[in-house]
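Asks:
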Amino acid sequence: MKPDALRELEPDFWRAPSAHNTQPWLLRYLDDAVEIGWDPARTLPVGDPSGRDLRLALGAFTETCLIVCADAGLRVDFRQAHSEADRRAGYLAGAEGLYTTPFTTQDVRDRRTGRGAYEPGHLDEAVLGRLENLAADEKAEVRRVPSRDLIELAFEGDHHQFSTPRIARELREWLRLDPADPRYEQDGLTDRALGLSGLETRALRAALSPRGYPVLRRLGVPKLLASASRKTLDYDGDVVVLVGRPGCTDGEQVALGRVLMRQWLTLSTLGYTTHPVSQIIDAEITKQRLARMLDIDDPSRLLNITRVGRPKATPPRSARLR
232 MKPDALRELE
242 PDFWRAPSAH
252 NTQPWLLRYL
262 DDAVEIGWDP
272 ARTLPVGDPS
282 GRDLRLALGA
292 FTETCLIVCA
302 DAGLRVDFRQ
312 AHSEADRRAG
322 YLAGAEGLYT
332 TPFTTQDVRD
342 RRTGRGAYEP
352 GHLDEAVLGR
362 LENLAADEKA
372 EVRRVPSRDL
382 IELAFEGDHH
392 QFSTPRIARE
402 LREWLRLDPA
412 DPRYEQDGLT
422 DRALGLSGLE
432 TRALRAALSP
442 RGYPVLRRLG
452 VPKLLASASR
462 KTLDYDGDVV
472 VLVGRPGCTD
482 GEQVALGRVL
492 MRQWLTLSTL
502 GYTTHPVSQI
512 IDAEITKQRL
522 ARMLDIDDPS
532 RLLNITRVGR
542 PKATPPRSAR
552 LR
């Protein structure tokens, strides 16, 4: 493999998902491999202190790279070499054959995160079985929960997010609520991707602004902001939870990020979109309550929680640096 051959594929590599659309990954081109690392400035040290979302994003990025390389006819595989100290997930290196995957570059491009309304309906058992089999490959599990059962947990998770100053400040850094912002087409969460109306955009901008936030927080505005999650989940639909094995290591979490990407692409090719509702497992109290609901002994095994369904309108493409 000639590492430089991967450079022209980077725009499709970057279609991988990440929390808050931070796109934390870095590619370092070596003589005989490409190292996958991450930029600490593009992580979420407050909202993701354990690094769980970072490792899942690195895994999703890795899987995306392998799919795109295979579709381009490049024989590339992944050598895991996770190191927190070196900020490294592993290496893309030459392989004897093409990476085996049912997905294509076009599938990567077509995948969407849909934060809007979904049509009522539950996942077909055969589809759920496919997600379960993908998770089982890495000794993980999939649990399905009716969306309405999580309304209050999502509300409490959002309230925790909006009412905790440090978390709200970090969220504000990744919101792109003004098309004139030079970062609007690069990264973060745009008003368009969030499905906000003009009025909602202005309200959120004011509520989280450095000047307005302290006053509005005291007036209870975080509760108003959090109430939107109730509407999002108040329909006859499904939420899927990815549960890691007991004692899941950091490197195994990267591998489960690859599984998560395969699951989301499987759903996307069947006409579904996905919408992470990670606020439920980002707040410790709601994570513990969800673990009890699912009869999970260790709440840290809860790695990802995602709403799944058929969108009522085609979701917009999120911004990318490449």
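Its first residue numbered 232, the sequence shown is counted upward by one per residue in the working numbering.
Virtual Cβ for every residue (Gly too), placed ideally from N, Cα, C.
Might you give, ordered along the chain, the residues of its own chain that have their beta carbon closer than 8 Å to the beta carbon of Leu-464, omitting 5 neighbours on each side?
Replies: Result list for Leu-464: Ser-378, Arg-379, Leu-381, Ile-382, Ala-385, Val-470, Val-508, Arg-538, in chain order.
Asks: Does the beta-carbon distance from Leu-496 to Glu-369 come in below 7 Å?
Replies: No, these two residues do not count as a Cβ contact at 7 Å.
Asks: Just to confirm the assignment: which complete alpha helix (DSSP H) runs, minimum length 4, are found wholly within the stretch 406 to 482?
Replies: 422 to 425, 429 to 439, 443 to 449, 452 to 457, 459 to 464, all fully within the stretch 406 to 482.
Asks: Going by beta carbon distance, what residues of the same chain come within less than 6 Å of Gln-311, once the five residues before and after it are set aside?
Replies: Contacts found: Gly-321, Gly-482.
Asks: Kindly give me the distance between the Cβ atoms of Val-373 and Ala-366, rounded to whole angstroms, as I take these residues to be in contact under 8 Å.
Replies: Yes, Val-373 and Ala-366 are in contact; Cβ-Cβ is about 5 Å, under 8 Å.
Asks: If you run the structure through DSSP and keep just helix, strand and coil, what is Asp-243?
Replies: Helix.
Asks: Threshold first: 3 residues or longer. Then list the beta strand (DSSP E) segments lying entirely within the stretch 239 to 321, N to C.
Replies: The qualifying runs are 256 to 260, 264 to 269, 307 to 314.
Asks: Indicate the three-state DSSP secondary structure (helix, strand or coil) for Arg-523 in the structure shown.
Replies: Three-state DSSP puts Arg-523 in a helix.
Asks: Taking the continuous beta strand (DSSP E) assigned at Ala-537, which residues delimit it?
Replies: Reading the sequence as shown, one finds Thr at residue 537 and not Ala. Taken as a continuous stretch (DSSP letters only), the beta strand (DSSP E) holding Thr-537 covers 533 to 540.
Asks: Output the distance between the C-alpha atoms of Glu-356 and Tyr-349, rounded to the nearest integer angstrom.
Replies: Distance between the alpha carbons of Glu-356 and Tyr-349: 19 Å.
Asks: Near His-390, which residues of its chain fall below 7 Å by C-beta distance, leaving aside the five closest residues on each side in sequence?
Replies: Cβ neighbours of His-390 beyond the five flanking positions: Pro-453, Lys-454, Ala-457.
Asks: What is the DSSP secondary structure of Ala-324, reduced to helix, strand or coil?
Replies: It is a strand residue.
Asks: Looking at Leu-521 and Ile-511, is the spacing between their C-beta atoms short of 7 Å?
Replies: Cβ distance < 7 Å, so Ile-511 and Leu-521 count as in contact.
Asks: Does DSSP put Arg-375 in a helix, in a strand, or in coil?
Replies: Residue state, collapsed to three classes: strand.
Asks: His-506 by DSSP, collapsed to three states: which one?
Replies: His-506 falls in the strand class under three-state DSSP.
Asks: Considering only the beta carbon of each residue, do Arg-273 and Ser-499 sit closer than 7 Å?
Replies: No, the Cβ-Cβ distance between Arg-273 and Ser-499 is not below 7 Å.
Asks: Taking Cβ to Cβ, would you say Thr-293 is nearer than 7 Å to Phe-244?
Replies: No, Cβ-Cβ distance for Thr-293 and Phe-244 is not below 7 Å.
Asks: Using 7 Å as the threshold, is the C-beta distance between Leu-408 and Asp-422 below it?
Replies: Yes, the pair counts as a contact, with Cβ atoms nearer than the cut-off.
Asks: Have a look at the DSSP bridge pairing and note the partners of Thr-344.
Replies: Answer is Thr-505, bridged to Thr-344.
Asks: Determine the extent of the alpha helix (DSSP H) in which Ala-367 is found, giving its start and end residues.
Replies: Segment 356 to 367, the alpha helix (DSSP H) holding Ala-367.
Asks: So, are the CB atoms of Gly-478 and Leu-534 less than 7 Å apart?
Replies: No. Outside cutoff.
Asks: Determine the closest residue to Ala-236 out of Asp-262, Ala-250, Pro-255, with distance taken between C-alpha atoms.
Replies: Checked all of Asp-262, Ala-250, Pro-255; the closest Cα to Ala-236 is Asp-262.
Asks: What number of angstroms, rounded off, separates the C-alpha of Glu-315 from the C-alpha of Asp-529?
Replies: Rounded to the nearest angstrom, the two C-alpha atoms are 23 Å apart.
Asks: Tell me which same chain residues have a C-beta within less than 8 Å of the C-beta of Arg-541, skipping the five on either side of it?
Replies: Answer for Arg-541: Tyr-349, Glu-350, Gly-352, Gly-502, Tyr-503, Thr-504, listed in chain order.
Asks: Taking a contact to mean a Cβ-Cβ separation below 7 Å, would you say Trp-269 touches Leu-257 in this structure?
Replies: Yes; because the gap between Cβ atoms is below 7 Å, this pair is in contact.
Asks: Label Arg-553 either buried or exposed according to how many other C-beta atoms from any shown protein chain fall within 10 Å of its C-beta, with 16 as the threshold for buried.
Replies: So Arg-553 counts as exposed.
Asks: Could you tell me the alpha carbon to alpha carbon distance between Ser-394 and Ile-516, rounded to whole angstroms?
Replies: About 14 Å.
Asks: Alpha carbon to alpha carbon, how far is His-506 from Tyr-330? Give it in angstroms, no decimals.
Replies: Rounded to whole angstroms, Tyr-330 to His-506 spans 28 Å at the Cα level.
Asks: Please check the pair Val-339 and Ile-398, which I expect to be a contact at CB under 8 Å, by giving their CB distance rounded to whole angstroms.
Replies: Not a contact, Cβ separation roughly 31 Å.
Asks: Do you know how far the Cα of Arg-436 is from the Cα of Leu-447?
Replies: Using only the alpha carbons, I get a separation of about 12 Å.
Asks: Should Ser-549 be labelled buried (16 or more other beta-carbon atoms within 10 Å of its own) or exposed?
Replies: Buried, since its Cβ has 16 or more Cβ neighbours within 10 Å.
Asks: If you check the beta carbons only, do Gly-426 and Gly-347 fall under 7 Å apart?
Replies: Yes. Within cutoff.
Asks: According to the neighbour-count rule (16 or more other Cβ atoms, all chains shown, within 10 Å of its Cβ), is Thr-545 buried or exposed?
Replies: Thr-545 is exposed by the Cβ-count criterion.
Asks: For the alpha helix (DSSP H) that contains Phe-386, what are its first and last residues?
Replies: Its alpha helix (DSSP H) spans residues 382 to 394.
Asks: Among the candidates Pro-410, Gln-417, Tyr-466, Arg-414, whose CA atom is the shortest distance from the CA of Gly-429?
Replies: The candidate whose alpha carbon is nearest that of Gly-429 is Pro-410.
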